[in-house]
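Chemist: Residue numbers (full-length UniProt numbering): 1 to 214.
Yeah, the Cβ is synthetic: ideal placement off N, Cα and C, and Gly gets one too.
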Ligand SMILES: [Zn+2]
């Protein structure tokens, strides 16, 4: 796992926004801007979707990204590919080491299957995304645009026999991942409220979003 600290100073960021656990954040990051997700308290999971701002039908594709880089984990140098084969963003700094794009986002349905029928009403990332789509129609997204995502900071190792496991996180307080936009992208983050697995240490905490214009 490679890590690299950023040379960018938080004082020079044009946007700084704290996103509480269980909340969403949606905005456009423009081509050439650098975008950071900062894990303020450690072991959090930021479930993230990317769409082309020009045409939201073009979106982040986990399968194209994995195939192009020949690795199932995302990290420093990963080019995040779209469903049309274009580079959307590139990870330019990362103090965590790797990020998941296989595990998917939590939903009331998956909580029911994985944990218990009584978990059905617990808040999940899919609910936050659905709320964002409903509350922010100006971005032109609908329910059908919610597809596979990236779980920044989440540790989902692949076992020797090909299984997936949700493991304790590699992140820690103050760690971050940073990426430069290669096109204008809509970023939709659910700061995960999950309480049933160790993806956020059973204790959902805030993240901070920072954007630099250069
Ligand atoms: Zn979640």
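Along the chain, where does the alpha helix (DSSP H) that runs through residue 134 open and close?
Modeler: From DSSP, the alpha helix (DSSP H) with residue 134 extends over 125-135.
Chemist: Given a threshold of 16 other Cβ atoms within 10 Å of its Cβ, counted over all protein chains shown, does residue 60 qualify as buried or as exposed?
Modeler: Classification for residue 60: buried.
Chemist: Quick one: give me the first and last residue of the beta strand (DSSP E) that residue 67 is part of.
Modeler: From DSSP, residue 67 is part of no beta strand (DSSP E) but of the alpha helix (DSSP H) over 62-69.
Chemist: Run the CB neighbour count on residue 179, radius 10 Å, all protein chains shown included, and call it buried at 16 or more, exposed below.
Modeler: That one is buried.
Chemist: Would you mind listing the alpha helix (DSSP H) stretches within the stretch 46-110 that are 4+ residues and don't spill past its ends, in chain order?
Modeler: DSSP runs (the alpha helix (DSSP H)) wholly in the stretch 46-110: 62-69.
Chemist: So which of 42, 193, 170, 81 has the shortest CA-CA distance to residue 122?
Modeler: That would be 193, whose Cα lies nearest to the Cα of residue 122.
Chemist: With a 10 Å radius around its C-beta and 16 neighbouring C-beta atoms as the bar for buried, classify residue 43 as buried or exposed.
Modeler: By the 10 Å Cβ count, residue 43 comes out buried.
Chemist: Just tell me which of 177, 204, 197, 54 has its CA closest to the CA of residue 5.
Modeler: Residue 177 is the option with its Cα nearest to residue 5.
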